Every structure is written in C-alpha cells, then in structure tokens.
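Mapping of the sequence shown onto our numbering: position 25 corresponds to residue 32, and the numbering continues sequentially without gaps. Note that CB positions come from ideal geometry on N, CA and C, so glycine has one too. For clarity, every value in this text was computed on a predicted model and none was experimentally measured. Working notes, structure below.
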Amino acid sequence: MTTPTRDPRLTPARDDLAAVHLRGEVEAARFVSPERKTIISPVTPLRTKPGSDAIDTELLFGEQVDVYDTSDGSAWVQSARDGYVGYISAQKLDEMPEPTHVVQTLGAGLSDTPTLKVQRTARLPFGAQVTVTVEEDGYGSVQTRGDGTQRWIAMQCLRPLDNPEPDWVAIAERFLGVPYYWGGRSSRGLDCSGLVQTARHAAGQECPRDSDMQQAALGRTLDPNEPTERGDLIFWKGHVGIVAGPNLLLHANAHHMCVATEALDAALDRIGRAEFGQVTRRARLDA
8 MTTPTRDPRL
18 TPARDDLAAV
28 HLRGEVEAAR
38 FVSPERKTII
48 SPVTPLRTKP
58 GSDAIDTELL
68 FGEQVDVYDT
78 SDGSAWVQSA
88 RDGYVGYISA
98 QKLDEMPEPT
108 HVVQTLGAGL
118 SDTPTLKVQR
128 TARLPFGAQV
138 TVTVEEDGYG
148 SVQTRGDGTQ
158 RWIAMQCLRP
168 LDNPEPDWVA
178 IAERFLGVPY
188 YWGGRSSRGL
198 DCSGLVQTAR
208 HAAGQECPRD
218 SDMQQAALGR
228 TLDPNEPTER
238 GDLIFWKGHV
248 GIVAGPNLLL
258 HANAHHMCVA
268 TEALDAALDR
278 IGRAEFGQVT
288 RRARLDA
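Have a look at this one:
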C-alpha cells in the first residue's frame, strides 16, 4: 500500500513527534494530542523553523491554534483556521474565551479607558478576533490576556463574528495601498494569497493559505474563451490576482510593492514576460 504524500505545510508531523490522529499514517517517535491556545499578539509570524528569518504566514490576535510542542521559548502549532503548521513564540499564546467580534477596519486601537482622546496601548489589524464583555459609550471592553486583563475598543471598528461581510472583493479593495509583505495576511502588509484569504474569510468563506492551494481548491475552471467577471481569480505559478472589474486586476504584488489595481491586459503581458510566466488557471468562485 502506498502512503499518500502529505503537504508538510499542513501536516503536524516531525521525526520525533506527530499529532495523535496521524498514528498509523506517518512515522514518529511519539504521538501527542494538542492543547488549544489563542494568539494574544496583534500579529504573530509563523515560521518553518524556530528562530528563522523566513516567514511562512501570520496569525492574528484571537485566532486559535493547536499546540503540539513547546521548547526553548518556541511553540510548534497548527492554525485552527487554515491548518498551517509552524513555529511561533510561546509568549504569544494564552487561554482565552471564545471570540464574539472581529475587527472590520484596517486597524483598531486598544486603550485603558473608553474615551477617544487617550493613548492607544496597541493596534489590532483587520481580521483580529476579540471577546466583548461590556459595552459603554460606544466602546467595548475586550479581554487581552488569559488573566482577565481588559482593554477598550471602539465598537464601530467591530462586527459580530456571525455577521460576515457581503462582498469579498469589496473587502479586498479596502487594502489598496497596503504594503506588500511576503507571508503577510494583515493590514500591516500582505502577499497575494494573503489578500485573497483575508477577504474571503471576512465574507465567511473558507480559503486555503497559499496560492497553489487556492488554485487547487477554489471555484471552477473557466473555459479558455469564457470572459472573466468581477470576483474571478487568475493564477500564475506562484501568484494570484483578483478580477475587480472589466479589464481590471487587483493584487498584492512585488512589482508595485503594495496592493494595487492595474489593467488586466497590461498585467498579463508584464507578468507573462518578466515575472511568473503564463496563466495557469482562471477560476470562478461561488457567489
């Protein structure tokens, strides 16, 4: 019997340790059950190796992870949202209550008091999840640590988690001008697939993390002569862009070093000649 090839980005398995649900499917010295924890830093980089400079993706405040191992200040985790596996700082984790709201603006400040003219102690990015415990004068008190520490955030910056955005492309357009950042998936900076995933998640849609995963999983493939529509995805080997309108491409890219729009025909020519080669797939997503 041939053992199926597993994507290491999504497989919590090392030579010395693996997830208990993989017993019999992978080889490891021991198998463990995870401990569920929550990210308590505004943005936390996730890396393939502890201490590496390379960032694979990011985890946002309030997102949950399964922790399989903690040693030397690093935690080996798997994202509960998209399954990505890697190492983060163990100091960025705590036990937190279930979130009730999500940040819907590009940034939302936390303060010690529910007033406008005070210093902000931290800034949460779009997509961060919080637990609102009390509302007062247009502000919500949110828990920021497992010990019950509370800070205040303007309720206009939040929406209930059970009320997803109606137009995921419009969400992606909010990020115009945000810096391009390899591995990023926050309003501080993001990459091409991070833009797609962030916008889709805001609309209540599941979405893999990387562009090759998205190409394999999302939508139906358009026929060669079928015209594109707003919300279609265009894939290259290593890149993805969003059709935002007639002859209009929206994407986070290193050519502009930000989230930008440009004429689709011009982008296809430039990318085909000098960057990622020819288009590998055009996909139409569910409404």
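| Query | Result |
| --- | --- |
| Residues bridged to LEU53 (per DSSP) | THR64 |
| Among ASP217, VAL203, ARG291 and LYS44, the one whose alpha carbon lies nearest that of MET103 | LYS44 |
| Reduced DSSP secondary structure (H/G/I, E/B, other) of ALA270 | strand |
| Straight-line Cα distance separating TRP159 from SER118 | 5 Å |
| Cβ pair GLN188, MET162 closer than 8 Å | The identity of residue 188 in the sequence shown is Tyr, whereas the question assumes Gln. Not closer than 8 Å, so no. |
| Exposure of ASN260, with buried meaning 16 or more beta-carbon neighbours within 10 Å | buried |
| Segments of 4+ residues assigned as alpha helix (DSSP H) that fall wholly inside the segment 200-269 | 218-224 |
| Same chain, Cβ closer than 8 Å to VAL74, five either side skipped, listed in chain order | PRO41, GLU42, ARG43, LYS44, ALA82, TRP83, VAL84 and LEU100 |
| Continuous beta strand (DSSP E) stretch holding ALA82: start and end | 81-86 |
| Terminal residues of the beta strand (DSSP E) in which VAL27 lies | No beta strand (DSSP E) holds VAL27; DSSP gives it neither H nor E. |
| Inter-residue spacing [alpha-carbon to alpha-carbon] between LEU292 and ARG227 | 7 Å |
| CA-to-CA distance, LEU225 to CYS290, given in whole angstroms | In the sequence as displayed, the identity of residue 290 is Ala instead of Cys. Rounded to whole angstroms, ALA290 to LEU225 spans 7 Å at the Cα level. |
| Nearest candidate by alpha-carbon position, reference ASP239, set ASP174, ILE46 and ASP63 | ASP174 |
| Environment of GLN71 [buried if 16+ CB atoms lie within 10 Å] | buried |
| Contact belief for ALA210 with GLU172 at Cβ below 8 Å, rounded distance in angstroms | 5 Å |
| Beta-bridge partners of LEU117, as assigned by DSSP | ALA129 |
| Unbroken stretches of the beta strand (DSSP E), 3 residues or longer, contained in the segment 126-196 | 127-132, 139-143, 146-150, 157-161 and 165-167 |
| Whole-Å CB distance - THR268 paired with ALA251, under 8 Å assumed | 6 Å |
| Whether SER218 touches HIS263 by CB criterion (8 Å) | no |
| Residues near PHE38 by beta carbon distance below 6 Å, same chain, minus five either side | ALA25, VAL27 and ARG30 |
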